[in-house]
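Residue numbers for the sequence shown follow my numbering, beginning at 4 and rising by one.
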Amino acid sequence: MTGNKKFILSTIIGASMAQLAWGQGTEMAAVVSKPVSRTIVLPGEIQPFLNVALRAKVSGYVDRVLVDRGSAVKEGELLIELSAPEMKAQIAEAESKVQVAEGDRLQAEAKLASLGST
Numbered sequence: 004m005t006g007n008k009k010f011i012l013s014t015i016i017g018a019s020m021a022q023l024a025w026g027q028g029t030e031m032a033a034v035v036s037k038p039v040s041r042t043i044v045l046p047g048e049i050q051p052f053l054n055v056a057l058r059a060k061v062s063g064y065v066d067r068v069l070v071d072r073g074s075a076v077k078e079g080e081l082l083i084e085l086s087a088p089e090m091k092a093q094i095a096e097a098e099s100k101v102q103v104a105e106g107d108r109l110q111a112e113a114k115l116a117s118l119g120s121t
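Next up, the structure:
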């Protein structure tokens, strides 16, 4: 046999075997539609879009915190309640000065009325 005939014969045999292998049935599965759920738990850190520094106009102690960290708040919303004992003393002193001034005013009006009647 010549080399050309060997090549043709091996090609025919290979093609026949491939056709036999191809002709064997393969098992097929039916397509089923169902939801796919995939959950992955990964560590992470959430950064805020905007940071705002808070400053009190007066010094004092924090009595109550009215919002949680990370909560969305609106302008003017009360965030914390402060206690300022020094301010309470100053307010009491100012109120007593107002009462003294009111008494002085009433005395001056009475004196003016008595001078006006004579």
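We treat Cβ as the ideally placed atom computed from N, Cα and C, and that holds for glycine. All values reported here derive from a predicted model rather than from experimental measurement.
Exercise. Ends of the beta strand (DSSP E) at E84?
Worked result: Counting along the chain, the beta strand (DSSP E) containing E84 begins and ends at I83 to S86.
Problem set entry | Proximity to R67 [Cα-Cα], best of A87, E78 and Q50 | Taking each of A87, E78 and Q50 in turn and checking the Cα distance to R67, the smallest one comes out for A87.
For this session: Taking only the alpha-carbon atoms, compute the straight-line gap between A97 and L82 and give it to the nearest angstrom.
Result: 28 Å
Problem set entry | Through-space distance from A92 to S62, alpha-carbon basis | 14 Å
Exercise. Could you check where the beta strand (DSSP E) with V44 kicks off and where it finishes?
Worked result: Element bounds for V44: n/a, residue is neither H nor E.
Problem set entry | Length of the line joining the Cα atoms of G79 and E112 | In this structure, the straight-line span from the alpha carbon of G79 to that of E112 is close to 43 Å.
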